[in-house]
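Undergrad: One structure, pasted below without further comment.
Residue numbers (this note's numbering): 1 to 94.
This is the structure in structure tokens:
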């Protein structure tokens with residue numbers, strides 16, 4: 001509601017949204033009617049450059065794990081401390 005009011009009242013010039021609390025954004029949602037709001041269907045990063053980058057990061061993480069290393073970009077690092085959730089590659093495969 002706050003964003004809708006800010007767009008309508010000119011507190012902000014515009015907005016571009018790709019993720020919503022309810023997806024897909026309902027077709028009758030007021031934000032879809034705002035001339036200063038761009039709404040995309042959760043595809044803001046779906047392009048060939050992003051796909052290539054994500055693929056390269058995933059490969060790098062798998063290679064690190066196969067070497068017995070901790071992969072870069074681990075989001076939930078607390079999992080690394082839990083012995084029952086760790087995959088052991090002994091000796092390293094690479």
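Glycine included, each C-beta is placed from N, C-alpha and C at the ideal position. Every value quoted in this text rests on a predicted model; they were computed, and no experiment measured them.
#1: Can you tell me whether residue 15 is helix, strand or coil according to DSSP?
#2: What span of residues does the beta strand (DSSP E) with residue 43 cover, start to end?
#3: Going by the DSSP bridge assignment, what does residue 37 pair with across the sheet?
#4: Below 6 Å CB to CB, which residues in the same chain sit around residue 61 once its five sequence neighbours on both sides are set aside?
#5: Report yes if the CB atom of residue 46 is closer than 7 Å to the CB atom of residue 19, and no otherwise.
#6: Starting from residue 5, trace the alpha helix (DSSP H) both ways and give me its first and last residue.
#7: Below 6 Å CB to CB, which residues in the same chain sit around residue 17 once its five sequence neighbours on both sides are set aside?
TA: Per the coordinate set shown:
#1: Taking the chain shown and counting its residues from 1, one reaches residue 15 at position 15. Of the three classes helix, strand and coil, the one that applies to residue 15 here is strand, per DSSP.
#2: By 1-based counting over the chain shown, the position of residue 43 is 43. No beta strand (DSSP E) holds residue 43; DSSP gives it neither H nor E.
#3: Your numbering for residue 37 matches position 37 in the chain shown. Per DSSP, 15.
#4: As a working mapping, residue 61 is identified with position 61 in the chain shown. Only 71 meet the Cβ criterion.
#5: Locating residue 46 in the chain shown gives position 46, where the first residue counts as 1. Locating residue 19 in the chain shown gives position 19, where the first residue counts as 1. Cβ atoms of residue 46 and residue 19: not closer than 7 Å.
#6: By 1-based counting over the chain shown, the position of residue 5 is 5. Where residue 5 is concerned, the enclosing alpha helix (DSSP H) stretches over 2-9.
#7: What you label residue 17 is simply residue 17 of the chain shown in a count that begins at 1. The residues are 39.
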